[in-house]
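*Asks:* Please see the structure below; I have some questions.
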Amino acid sequence: MPRHRIFSGIQPTGEPHLGNYLGAIRQWVEQQEAPDRADALYAIVDYHALTIEIEPEQLAAWTLDMTASLLACGLDPQKVTLFRQSDVPEHAELGWIFSCVAALGDLQRMTQFKDKAEQNKDNINVGLFTYPVLQAADILLYKATQVPVGEDQVQHLELSREVARRFNRRFGETFPEPQPLLSKVARLRGLDGSAKMSKSKGNTVALGEAPETIRAKLKVAVTDPARLRRNDPGHPEVCNIFTLHGCFTGPRDPERLAAIERDCRSAALGCVDCKKELADRVVEQLTPIREAQAAWRARPDDLRDLLEVGRKKAAAIAEATMEEVRARIGVRGLAKRR
Numbered sequence: 000m001p002r003h004r005i006f007s008g009i010q011p012t013g014e015p016h017l018g019n020y021l022g023a024i025r026q027w028v029e030q031q032e033a034p035d036r037a038d039a040l041y042a043i044v045d046y047h048a049l050t051i052e053i054e055p056e057q058l059a060a061w062t063l064d065m066t067a068s069l070l071a072c073g074l075d076p077q078k079v080t081l082f083r084q085s086d087v088p089e090h091a092e093l094g095w096i097f098s099c100v101a102a103l104g105d106l107q108r109m110t111q112f113k114d115k116a117e118q119n120k121d122n123i124n125v126g127l128f129t130y131p132v133l134q135a136a137d138i139l140l141y142k143a144t145q146v147p148v149g150e151d152q153v154q155h156l157e158l159s160r161e162v163a164r165r166f167n168r169r170f171g172e173t174f175p176e177p178q179p180l181l182s183k184v185a186r187l188r189g190l191d192g193s194a195k196m197s198k199s200k201g202n203t204v205a206l207g208e209a210p211e212t213i214r215a216k217l218k219v220a221v222t223d224p225a226r227l228r229r230n231d232p233g234h235p236e237v238c239n240i241f242t243l244h245g246c247f248t249g250p251r252d253p254e255r256l257a258a259i260e261r262d263c264r265s266a267a268l269g270c271v272d273c274k275k276e277l278a279d280r281v282v283e284q285l286t287p288i289r290e291a292q293a294a295w296r297a298r299p300d301d302l303r304d305l306l307e308v309g310r311k312k313a314a315a316i317a318e319a320t321m322e323e324v325r326a327r328i329g330v331r332g333l334a335k336r337r
């Protein structure tokens, strides 16, 4: 196994949005270009998507569309392993084994279950509760040593580390304890000023949206709540629009970002003009992604072929891990007779 192995996943529950792109996908693309890049596996986690009510045809379509979006963002299947979770059945097998290892009390402390249960009051299924166990299986199946995460996922990763410790203590040293690769982007609030960007709340921008739609959404986005008049001094540190400028303007033009911060604080730059400039930057950087999405969507057979290549690469690692796991827990003989 390489010195470092990265694993991460994304649910196919609609087109990825700014939160997905800035918090995860862009980081994945940057990591694959690093001169000392680690072995990296990225899964479209369609089993996780079953925790919400979704039609089979929709799940299949969104899975293929997520593949197109990831490729459009620059993920290179020659440099990383891109695959569909359900194509590697060992995810579910290890998930059950970990269900017999994980502590109930640890799961009960997961704050995301409470949030998701609140959002899905009519469908509070067991999968929502055990989601972190399958997530641990996703990660540890490949003996990943690093996992790119945002702040809201650190608790889930700690559960994966605890599951690894508990398994190792009971059955012998098998899994590493994966370390977090924290996102470079602070947790993004929704354009309505709410706690988090979310497709379900409709407070974000999808990567493939038309320029006029992007401009319209950013035009009414919430800014510094204390800045009531044009000549009020701003507070960039609490303004979500400035945070987005940090993501879209800062990497390409740090001097302009510094000027925006200065002019916002002195009221030389108003919120309307600040949002217009951000919209220009977002449209400029998302346009090639939108065009690449359309090109990939027109090639569904090629998308399926790429996922099959990824499946074979992922399956080779997963099968080796599960042979070891089965031997350690005492079921390898049974597995061979099936």
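Letter 259 of the sequence shown, counting from 1, is numbered 258 in numbering that gives the first Met the number 0, and no numbers are missing.
Built from N, CA and C at the ideal position, the CB exists for glycine as well.
Along the chain, where does the beta strand (DSSP E) that runs through L181 open and close?
*Replies:* 178 to 181
*Asks:* Any idea what DSSP makes of L81, helix, strand or coil?
*Replies:* strand
*Asks:* Helix, strand or coil: which one does DSSP assign to G126?
*Replies:* helix
*Asks:* From the DSSP output, read off the bridge partner residues of V132.
*Replies:* Beta-bridge partners assigned by DSSP to V132: none are found.
*Asks:* Spatial neighbours of Q10 within its chain, please: CB distance less than 6 Å, with the 5 preceding and 5 following residues excluded, ordered by chain position.
*Replies:* V44, H47, A48
*Asks:* Closest to C270 by CA distance: which of H244, N202, Y130 is it?
*Replies:* Selection H244, N202, Y130 evaluated against C270 yields H244 as nearest (Cα-Cα).
*Asks:* Does DSSP classify L145 as helix, strand or coil?
*Replies:* The sequence given here places Gln at residue 145; Leu does not occur at that position. Strand, per DSSP.
*Asks:* Start and end of the alpha helix (DSSP H) containing I9?
*Replies:* Unbroken run through I9 is the beta strand (DSSP E), 4 to 9; no alpha helix (DSSP H).
*Asks:* Helix, strand or coil: how does DSSP classify R168 here?
*Replies:* helix
*Asks:* Terminal residues of the continuous beta strand (DSSP E) containing A39?
*Replies:* Element bounds for A39: 38 to 43.
*Asks:* Assign A205 to one of three DSSP states: helix, strand, or coil.
*Replies:* strand
*Asks:* Residues in its own chain within less than 8 Å of L277 by CB, not counting five upstream and five downstream?
*Replies:* Around L277: L217, I240, L243, H244, F247, T248.
*Asks:* Suppose the cutoff is 8 Å on Cβ atoms and the five residues either side in sequence are ignored; what does the same chain contact list for G171 look like?
*Replies:* R327
*Asks:* Do A266 and D223 have their beta-carbon atoms positioned less than 8 Å apart in this structure?
*Replies:* no
*Asks:* Between the alpha carbons of I288 and D114, how many angstroms are there, rounded?
*Replies:* 31 Å
*Asks:* Indicate the three-state DSSP secondary structure (helix, strand or coil) for H234 in the structure shown.
*Replies:* coil
*Asks:* Please say whether Q118 and S159 have beta carbons closer to each other than 8 Å?
*Replies:* no
*Asks:* Select from R251, Q284, E236, E283 the residue whose C-alpha is nearest the C-alpha of R264.
*Replies:* E236
*Asks:* If you draw a straight line from the C-alpha of K274 to the C-alpha of P175, how long is it?
*Replies:* Distance from the CA of K274 to the CA of P175, rounded to the nearest whole angstrom, comes to 45 Å.
*Asks:* Return yes when the Cβ of G189 is within less than 8 Å of the Cβ of T203, no when it is not.
*Replies:* yes
*Asks:* Check whether the Cβ atoms of P179 and L156 sit closer than 8 Å, and answer yes or no.
*Replies:* Yes, the Cβ-Cβ distance between P179 and L156 is below 8 Å.
*Asks:* Let's test the definition: count the other Cβ atoms within 10 Å of the Cβ of R83 and tell me whether it reaches 16, buried, or not, exposed.
*Replies:* It counts as buried.
*Asks:* Exposed or buried, what is E208 when buried is set at 16 or more other beta-carbons lying within 10 Å of its beta-carbon?
*Replies:* buried
*Asks:* Nearest-angstrom Cα distance between L333 and D121?
*Replies:* Only weak support is given to the placement of L333: the predicted model assigns it a pLDDT of 49, under 50, and the value that follows is read from those uncertain coordinates. If I take the Cα positions, the gap works out to 40 Å.
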